[in-house]
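> If you read the sequence shown in my numbering, its first letter stands for residue 41, the second for the next number, and so on.
By construction, the Cβ of each residue, glycine as well, lies at the ideal position given by its N, Cα and C atoms.
Below is one structure. I have some questions about it.
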Amino acid sequence: MTHKPGRKILCVFSLLFISQLPFISTTPQQAMTIQTPPEVNNPDLLIILSPQYSQDTQIIAAIHAYLAAVSNDLGWTARIIHIQENQNTYQQIDMIIEASNTNHTLKACLMVGEDLNTALGGDTDHLEQPSILPWETLGGSAAYETADQGIIAKPSTIQICISLLYPPQRLTYEQKKDSLIFAFQKFTTQRHQPLQDTIQVFESSSLNTYSRPLYQHLADYSPLIYIEDATPTELTDSLMNSSSAFFVHGHSNPSGTDITAQPNTGWFPAETLNTLQTPFFGADGCYVGGWWSIEKDNNQLDESIGTAWYGAAIFTSQAIQAMALGLLSQNGCSTPVSFLENAMPELLNGKTLAESMIGDTTIGDTIIIGDPTFHYTI
Numbered sequence: 041m042t043h044k045p046g047r048k049i050l051c052v053f054s055l056l057f058i059s060q061l062p063f064i065s066t067t068p069q070q071a072m073t074i075q076t077p078p079e080v081n082n083p084d085l086l087i088i089l090s091p092q093y094s095q096d097t098q099i100i101a102a103i104h105a106y107l108a109a110v111s112n113d114l115g116w117t118a119r120i121i122h123i124q125e126n127q128n129t130y131q132q133i134d135m136i137i138e139a140s141n142t143n144h145t146l147k148a149c150l151m152v153g154e155d156l157n158t159a160l161g162g163d164t165d166h167l168e169q170p171s172i173l174p175w176e177t178l179g180g181s182a183a184y185e186t187a188d189q190g191i192i193a194k195p196s197t198i199q200i201c202i203s204l205l206y207p208p209q210r211l212t213y214e215q216k217k218d219s220l221i222f223a224f225q226k227f228t229t230q231r232h233q234p235l236q237d238t239i240q241v242f243e244s245s246s247l248n249t250y251s252r253p254l255y256q257h258l259a260d261y262s263p264l265i266y267i268e269d270a271t272p273t274e275l276t277d278s279l280m281n282s283s284s285a286f287f288v289h290g291h292s293n294p295s296g297t298d299i300t301a302q303p304n305t306g307w308f309p310a311e312t313l314n315t316l317q318t319p320f321f322g323a324d325g326c327y328v329g330g331w332w333s334i335e336k337d338n339n340q341l342d343e344s345i346g347t348a349w350y351g352a353a354i355f356t357s358q359a360i361q362a363m364a365l366g367l368l369s370q371n372g373c374s375t376p377v378s379f380l381e382n383a384m385p386e387l388l389n390g391k392t393l394a395e396s397m398i399g400d401t402t403i404g405d406t407i408i409i410g411d412p413t414f415h416y417t418i
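Printed below as a string of structure tokens:
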């Protein structure tokens with residue numbers, strides 16, 4: 041695990057079918073409405089739309105366009121589920137997800153809206169960490185354990201890929217709305233990503249004894265540039281080139297990662313994601329899957345402040361389609377539990393991000409941001 045000294049985080053282990061673009065009609069006498077086809081049984085993908093955005097016709101239209109593109113690309117069926125205020129607890133949302141998986145076809149859920157009630161994964165020093173374990177594991181509360189400080193992770197099997205699309209809380213509604221529409225338009229129009237560029241990895245030697253071979257093993261699937269304790273020039277040069285995937289690993293917080301052994305000499309800030317030319321980004325380290333908050337430590341998941349955290353870049357990067365954030369090279373367990381070992385090889389072989397994760401063993405340490413249907417064109 042990657043830890044900063046003095047910091048601790050708890051880490052142990054409505055319904056609509058989209059087969060076509062929506063028809064939007066207006067008359068002088070009535071507000072804009074969306075005509076939708078009947079719902080489908082046994083969906084592959086759920087869009088969980090939060091109360092704040094559940095009736096926004098422009099956001100819904102952008103989602104429909106995305107789901108039409110997913111259907112054309114993958115043949116997946118989908119539902120949009122509009123969460124009401126009285127349903128907005130992570131336990132009730134979990135029940136809705138599990139009820140939608142009666143015939144076990146569900147592959148992914150894209151959670152849209154920062155006002156969705158999400159389980160706490162960790163809370164310390166103004167750092168908030170969400171937990172998606174209740175949603176990605178079936179079997180209700182028996183699949184995970186809780187404490188005052190949040191969800192206690194234990195080795196679990198990922199049964200549904202959960203991906204978050206949470207705009208920064210402190211933006212205005214119109215800014216958040218524009219951010220969501222931008223993200224869905226990006227996921228719609230940039231679906232074909234050939235695996236032809238290199239994978240770039242920047243890693244600190246202060247903690248890579250066990251992770252180095254996991255990253256270097258990616259060379260079996262694609263050309264790899266692996267740089268340990270990168271110089272500023274090496275990092276700057278990497279930003280000039282496109283890559284199929286880009287990883288950073290080191291001591292971290294939500295705003296960035298130290299990719300050198302000597303502290304404060306190789307800081308990779310989250311803002312750099314806006315210049316990266318890659319469809320897939322991974323940040324490997326503690327706290328990278330969360331955000332900053334105004335509360336220091338109150339054992340509840342507080343709203344985000346500012347935009348200087350990794351997950352917010354999904355709304356500002358023109359290129360990034362999906363991110364994996366967390367302890368991506370987690371090791372030391374009797375069975376492989378890391379994203380690098382379990383999911384990344386299958387993703388590089390052409391599976392969707394969701395399908396590459398289903399069936400993997402996890403300890404709840406990876407947060408997916410962005411498009412769960414992301415895949416490379418092999």
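1. Would Ala183 pass as a contact of Ser196 if the rule is Cβ separation under 8 angstroms?
2. Could you tell me which uninterrupted beta strand (DSSP E) segments, each at least 3 residues in length, are contained entirely in the segment 380-407, listed from first to last along the chain?
3. With 16 as the cutoff for other CB atoms within 10 Å, does Pro412 come out buried or exposed?
4. Is the Cβ-Cβ distance between Ser171 and Gly153 less than 8 angstroms?
5. Does the Cβ of Met280 have 16 or more other Cβ atoms within 10 Å, making it buried, or fewer, making it exposed?
6. Can you name the residues that DSSP bridges to Gly190?
7. Assign Ser374 to buried or exposed, taking buried as 16 or more other Cβ atoms, counted over all protein chains shown, within 10 Å of its Cβ.
8. Note the first and the last residue of the continuous beta strand (DSSP E) segment covering Phe320.
9. Going by CA-CA distance only, name the one from Glu274, Glu386 and Glu243 that's closest to Ser292.
10. Per the contact definition of three or more C-beta pairs closer than 8 angstroms, is the segment 298-309 in contact with the segment 216-228?
11. Spatial neighbours of Asp420 within its chain, please: C-beta separation below 8 angstroms, excluding the five flanking residues on both sides.
12. Using a Cβ-Cβ cut-off of 6 angstroms (strictly less than) and excluding sequence neighbours within five positions of Ile409, which residues of its own chain qualify?
13. Taking the Cβ atom as the reference point for each residue, do Asp423 and Trp116 lie within a distance shorter than 8 angstroms?
14. Can you tell me which of Leu380, Thr318 and Gly296 puts its alpha carbon nearest to the alpha carbon of Thr347?
15. Using the beta-carbon count (16 or more within 10 Å), is His232 buried or exposed?
16. Considering only the alpha carbon of each residue, which of Ile265, Thr177, Tyr213 and Asn112 lies closest to Thr402?
17. Would you report the Cα separation of Ala105 and Gln127, rounded to the nearest angstrom?
18. Could you tell me whether the Cβ atoms of Gln361 and Pro319 are closer together than 8 angstroms?
19. In the DSSP output, what is Ser196 paired with across the bridge?
20. Going by CA-CA distance only, name the one from Val288, Gly329, Leu393 and Met384 that's closest to Asn248.
21. In chain order, what residues of the same chain lie with their CB nearer than 6 angstroms to the CB of Ile334, ignoring the 5 residues before and after it?
22. Check Gly330 in the structure and name its three-state DSSP category.
23. Please state whether the Cβ-Cβ distance between Lys194 and Ala394 is less than 8 angstroms.
24. Jot down the residue ranges of each uninterrupted beta strand (DSSP E) in the segment 269-317, minimum 3 residues, whole runs only, in chain order.
25. Return the first residue and the last residue of the alpha helix (DSSP H) that Glu176 is part of.
26. In chain order, which continuous runs of the alpha helix (DSSP H) of length 4 or greater are located wholly inside the segment 76-142?
27. Less than 8 angstroms between the beta carbons of Ala285 and Ile239, yes or no?
According to the structure data:
1. Residue 183 sits at position 143 when you count from the first residue of the sequence shown. Residue 196 sits at position 156 when you count from the first residue of the sequence shown. For Ala183 and Ser196, yes; Cβs fall inside 8 angstroms.
2. none
3. To locate residue 412, count along the sequence shown from 1; it is residue 372. Under this definition Pro412 is a buried residue.
4. Working through the sequence shown from its first residue, we reach residue 171 at position 131. Working through the sequence shown from its first residue, we reach residue 153 at position 113. No, these two residues do not count as a Cβ contact at 8 angstroms.
5. Here the question's residue 280 lines up with position 240 in the sequence shown. Exposed: under 16 other Cβ atoms inside 10 Å.
6. The residue given as residue 190 occupies position 150 in the sequence shown. Answer is Ala187.
7. The count along the sequence shown starts at 1 and reaches residue 374 at position 334. So Ser374 counts as exposed.
8. What you label residue 320 is simply residue 280 of the sequence shown in a count that begins at 1. Counting along the chain, the beta strand (DSSP E) containing Phe320 begins and ends at Phe320 to Asp324.
9. Taking the first residue of the sequence shown as 1, we reach residue 292 at position 252. Comparing Cα-Cα distances from Ser292 to each of Glu274, Glu386 and Glu243, the minimum goes to Glu243.
10. no
11. What is shown of the chain runs 41 to 418, which leaves residue 420 out entirely.
12. Along the sequence shown, one-based indexing puts residue 409 at 369. Answer for Ile409: Leu204, Gly351, Ile354 and Met363, listed in chain order.
13. Beyond the ends of the chain as shown, which are 41 and 418, falls residue 423; an answer cannot be given.
14. Position 307 of the sequence shown, counted from the start, is the residue given in the question as residue 347. Comparing Cα-Cα distances from Thr347 to each of Leu380, Thr318 and Gly296, the minimum goes to Gly296.
15. Taking the first residue of the sequence shown as position 1, residue 232 is located at position 192. Label assigned to His232: exposed.
16. Here the question's residue 402 lines up with position 362 in the sequence shown. Checking every option, the nearest Cα to that of Thr402 belongs to Thr177.
17. Translated into the one-based positions of the sequence shown, residue 105 becomes position 65. Translated into the one-based positions of the sequence shown, residue 127 becomes position 87. The straight-line gap from Cα to Cα measures roughly 26 angstroms.
18. Walking along the sequence shown from the start, residue 361 turns up at place 321. Walking along the sequence shown from the start, residue 319 turns up at place 279. Cβ atoms of Gln361 and Pro319: closer than 8 angstroms.
19. Along the sequence shown, one-based indexing puts residue 196 at 156. Bridge partners of Ser196: Thr402.
20. Within the sequence shown, the letter at position 208 stands for residue 248. Comparing Cα-Cα distances from Asn248 to each of Val288, Gly329, Leu393 and Met384, the minimum goes to Val288.
21. One-based indexing of the sequence shown puts residue 334 at position 294. Cβ within range, chain order: Ile345.
22. The residue given as residue 330 occupies position 290 in the sequence shown. Reduced to three states, the DSSP call for Gly330 is coil.
23. Here residue 194 refers to the residue found at position 154 when the sequence shown is read from its first residue. Here residue 394 refers to the residue found at position 354 when the sequence shown is read from its first residue. Not a contact, by the Cβ cut-off of 8 angstroms.
24. 285-289, 291-293, 296-298 and 307-309
25. Here residue 176 refers to the residue found at position 136 when the sequence shown is read from its first residue. Leu173 to Glu176 is the span of the alpha helix (DSSP H), which, as asked, contains Glu176.
26. 97-114 and 130-139
27. Residue mapping note: residue 285 aligns to position 245 of the sequence shown, counting from 1. Residue mapping note: residue 239 aligns to position 199 of the sequence shown, counting from 1. Contact: yes.
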